[in-house]
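Numbering (my numbering), first residue to last: 2 to 309.
The structure appears below as structure tokens.
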Amino acid sequence: MSQQPDTQAVKAYLLDLQERICQRLEAVDGKASFIRDSWQRPEGGGGVSRVMADGGVIEKGGVNFSHVMGDTMPASATAHRPQLAGAPWQAMGVSLVIHPENPYVPTSHANVRFFIATPKNAEPVYWFGGGYDLTPYYGFDEDCVHWHRTARDACRPFGADVYPNFKTWCDDYFYLKHRQEPRGVGGLFFDDHNTGDFARDFAFMQAVGDSYIEAYEPIVRRRFDQPWGERERDFQLYRRGRYVEFNLVYDRGTLFGLQSGGRTESILMSLPPLVRWDYDRQPEPGSAEARLTDDFLTGRNWLEGTDD
2 MSQQPDTQAV KAYLLDLQER ICQRLEAVDG KASFIRDSWQ RPEGGGGVSR
52 VMADGGVIEK GGVNFSHVMG DTMPASATAH RPQLAGAPWQ AMGVSLVIHP
102 ENPYVPTSHA NVRFFIATPK NAEPVYWFGG GYDLTPYYGF DEDCVHWHRT
152 ARDACRPFGA DVYPNFKTWC DDYFYLKHRQ EPRGVGGLFF DDHNTGDFAR
202 DFAFMQAVGD SYIEAYEPIV RRRFDQPWGE RERDFQLYRR GRYVEFNLVY
252 DRGTLFGLQS GGRTESILMS LPPLVRWDYD RQPEPGSAEA RLTDDFLTGR
302 NWLEGTDD
């Protein structure tokens, strides 16, 4: 059964999701809090950026809510939908990136978003998108299995094929073509999601949004007090370079935000505070650093052979 899109319900959920995730991450960090930075966009709309820096666990983290709008669809959103060119539009979402200080704690990214356009003399056109992915520097099988199991369980009520399809989409999307390697160990990615049933589509977006912190928090708690030194830190900063490359070259959300006149500071909050690039760096064969690319950045099916 199809329903008219309820923009206000989506906005209320996203603001609540932002608050709940911030509270959970502050409890894990134990030292720092997220500052609140409200902003307005001259062309229409605004948002609330929540940013943490130099915490007990989180070196830099941002959980951003935005709700922007305009009278004419940006070019990046109409490339595959020329019929929407010139239509008024709204876009809203929560996007977050967490960069822990300890190299044994992976970076995580998540976002859920909603887009609606209202062409003249036509029904509104909407879609949902989002997902989450994990970027370890030193990999642990149990962390990856937990991450993917949580993602799968969030998708299960919506069909047996949802997790496999969106897991594959995530592997394909978060891939650095110029490096010929994945950014991390994947998770979920979906976009342009509209089955014609708004309530069901909204429920799926909520399931993904709600499951992120259940996927990430146990991993952080398991790893944040693991001892590390200069070697691990150096490798972490080097691998963070891959994260920066993906966000600036390929990420659709970054490109849309910049093209649509979004707030630059909020769009680029995903970038880590410290990073390094080394020329043609190759890890020592058999080392813990080599295991990252040899064993983890492979697009594996992390749930194959598990007991459920």
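The beta-carbon is built from N, C-alpha and C at its ideal position, and this holds for glycine as well.
Buried versus exposed, by CB contacts within 10 Å (16 or more), residue i
i: Gln4; result: exposed
i: Pro107; result: buried
i: Lys61; result: buried
i: Trp303; result: buried
i: Tyr280; result: exposed
i: Asn122; result: exposed
i: Ala28; result: exposed
i: Glu285; result: exposed
i: His179; result: exposed
i: Met2; result: In this predicted model, Met2 has a pLDDT of only 45, less than 50, meaning its place in the structure is not dependable; the value taken from the coordinates is given anyway. Exposed, by the Cβ-count rule.
i: Asp296; result: exposed
i: Val11; result: buried
i: Glu290; result: buried
i: Gly56; result: buried
i: Arg282; result: exposed
i: Pro228; result: exposed
i: Gly287; result: exposed
i: Asp142; result: exposed
i: Pro6; result: buried
i: Pro183; result: buried
i: Ile268; result: buried
Selection from the options that minimises the alpha carbon distance to residue i
i: Val186; options: Phe175, Thr196, Gly94 and Tyr280; result: Phe175
i: Leu23; options: Gly46, Pro43 and Ile99; result: Correcting the residue type first, residue 23 is Cys in the shown sequence and not Leu. Measuring from the Cα of Cys23, the nearest candidate turns out to be Ile99.
i: Arg264; options: Trp40, Ile36 and Asp7; result: Trp40
i: Trp278; options: Gly57, Arg243 and Ser267; result: Arg243
i: Met93; options: Glu290, Arg292, Gly254 and Gly287; result: Gly254
i: Arg25; options: Glu215, Asp134 and Phe141; result: Glu215
i: Glu231; options: Asp144, Asp173, Asp252 and Glu102; result: Glu102
i: Leu18; options: Leu269, Gly210 and Phe257; result: Gly210
i: Val276; options: Gly300, Thr119, Lys32 and Arg241; result: Arg241
i: Pro125; options: Ala33, Tyr164, Leu85 and Gln207; result: Leu85
i: Phe225; options: Asp7, Ala13 and Asp30; result: Asp30
i: Ser271; options: Phe35, Gly63, Phe191 and Lys32; result: Gly63
i: Ala13; options: Pro165, Phe66 and Arg42; result: Phe66
i: Gly258; options: Asp134, Val95, Leu16 and Ala155; result: Val95
i: Pro273; options: Leu293, Pro158 and Leu249; result: Leu249
i: Thr299; options: Gly140, Arg150 and His147; result: Gly140
i: Ser34; options: Arg21, Leu15, Ala54 and Leu16; result: Ala54
i: Tyr251; options: Asp144, Glu20 and Asp173; result: Asp173
i: Phe191; options: Leu256, Pro43, Cys156 and Phe199; result: Cys156
Span of the alpha helix (DSSP H) around residue i
i: Ser288; result: Ser288 -> no alpha helix (DSSP H), and no H or E assigned at all.
i: Thr255; result: Arg253 to Gln260
i: Phe236; result: Glu231 to Val250
i: Ser109; result: Ser109 -> not in any alpha helix (DSSP H); beta strand (DSSP E) instead, spanning Thr108 to Ala118.
i: Trp170; result: Val163 to Tyr174
i: Asp154; result: Asp142 to Cys156
i: Ser267; result: Thr265 to Ile268
i: Ala216; result: Phe199 to Arg224
Residue range of the beta strand (DSSP E) that includes residue i
i: Lys61; result: Ile59 to Gly71
i: Tyr280; result: Element bounds for Tyr280: n/a, residue is neither H nor E.
i: Phe35; result: It is not in any beta strand (DSSP E) - Phe35 carries neither H nor E in the DSSP assignment.
i: Pro101; result: Trp90 to Pro101
i: Ala54; result: Gly46 to Ala54
i: Asp194; result: Reading the sequence as shown, one finds His at residue 194 and not Asp. Counting along the chain, the beta strand (DSSP E) containing His194 begins and ends at Gly187 to His194.
i: Gly132; result: Val126 to Thr136
Anticipated Cβ contact below 8 Å, residue i with residue j, distance rounded
i: Glu233; j: Pro137; result: With 8 Å as the limit, Glu233 and Pro137 do not qualify as a contact, their Cβ atoms being about 12 Å apart.
i: Asp38; j: Val58; result: Their Cβ separation, rounded to whole angstroms, is 21 Å, which puts Asp38 and Val58 out of contact at 8 Å.
i: Ala161; j: Ser212; result: At roughly 17 Å, the Cβ-Cβ gap does not stay under 8 Å, so Ala161 and Ser212 are not in contact.
i: Phe116; j: Leu177; result: With a Cβ gap of about 26 Å, Phe116 and Leu177 do not count as contacting.
i: Val146; j: Thr307; result: 6 Å
Check whether the region 87–97 and the region 58–70 touch, using three or more Cβ-Cβ pairs below 8 Å as the test.
yes
Take every Cβ of the region 112–124, pair it with every Cβ of the region 160–176, and state whether three or more of those distances are shorter than 8 Å.
no
Can at least three beta-carbon pairs, one atom from the region 200–210 and one from the region 119–139, be found at a separation below 8 Å?
yes
Given 8 Å as the limit, is there contact between the region 218–238 and the region 180–197, that is, 3 or more CB pairs closer than that?
no
Using 8 Å as the cut-off, can you tell me whether the region 45–52 makes contact with the region 233–243, which would need three or more C-beta pairs spanning the two stretches below that distance?
no
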